[in-house]
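Below: one structure, written as structure tokens.
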Amino acid sequence: MVREIGAGRDRDRQIVLYGVGREGLMLKALAMRLFHLGLKASCVGDMGAPRIGAGDLLICSAGPGPGSFATVDGILRVANKDGARVMLLTAQRVDDIAGVDSLVVLPARTMADDVTSGSGDVAGVLPMGSVYEGALFVLFELVVLELRAKLGESVESMRARHTNLE
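Residue numbers for the sequence shown follow UniProt numbering, beginning at 1 and rising by one.
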């Protein structure tokens, strides 16, 4: 992930992120930090989201696996058609996914795994996709830490890009 995302500064490319529900919130948090690192990052659906094209990077999350969300599948198709690289994050290992350049498997419980036993007790303590969503957040913070070193950014340079309108 670090190599693929870090190449964005060298090539002056757009990094566009997408996820549904709470996965989407984790990707928005990553987009914010990538912006703080000086990269051109935005989220699908934001008013300022650019057109994606050749050399750009789309990062999508489909926790339960590819084919689970029609929106993710449609966005992947558009990115492929327009020549962008595609990174897919998922909790489910898949052998071959058409149109995905980088597959990141984060083996964590998703809502698809959140089944009940015969007694009606939920398997696991955290409900639905919370484990996967939390794992995404921790992964993204570690990626930002590595990117900061790779890109030669300091906490001060990141803070200088932080909004002053809070």
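Just so you know, even glycine gets a beta-carbon here, dropped at the ideal spot from N, CA and C.
Between V143 and V44, the C-beta gap is not smaller than 8 Å, which leaves the two residues out of contact. DSSP, reduced to helix, strand and coil, places I52 outside both helices and strands of the structure shown, so it counts as coil.
Exclusion of the five residues before and after K40 leaves Q14 as the residues of its chain whose Cβ lies within less than 6 Å of its Cβ. Taking C-alpha positions only, S157 is separated from G38 by approximately 9 Å. A Cβ-Cβ distance of about 12 Å is found for the pair G53 and N80, leaving them out of contact under the 8 Å criterion. In the displayed model, R22 falls within a helix according to three-state DSSP. Annotated as distal: V104 and V20, with beta-carbon spacing of 8 Å or more. Residue range 155-160 is occupied by the alpha helix (DSSP H) that includes M158, with no beta strand (DSSP E) assigned at that position. Following the DSSP letters along the chain, one finds L88 inside the beta strand (DSSP E) bounded by residues 85-90.
Taking C-beta atoms as the reference points, P64 and T110 count as a pair closer than 8 Å.
With respect to L139, I5 sits apart: the two C-beta atoms are not nearer than 8 Å.
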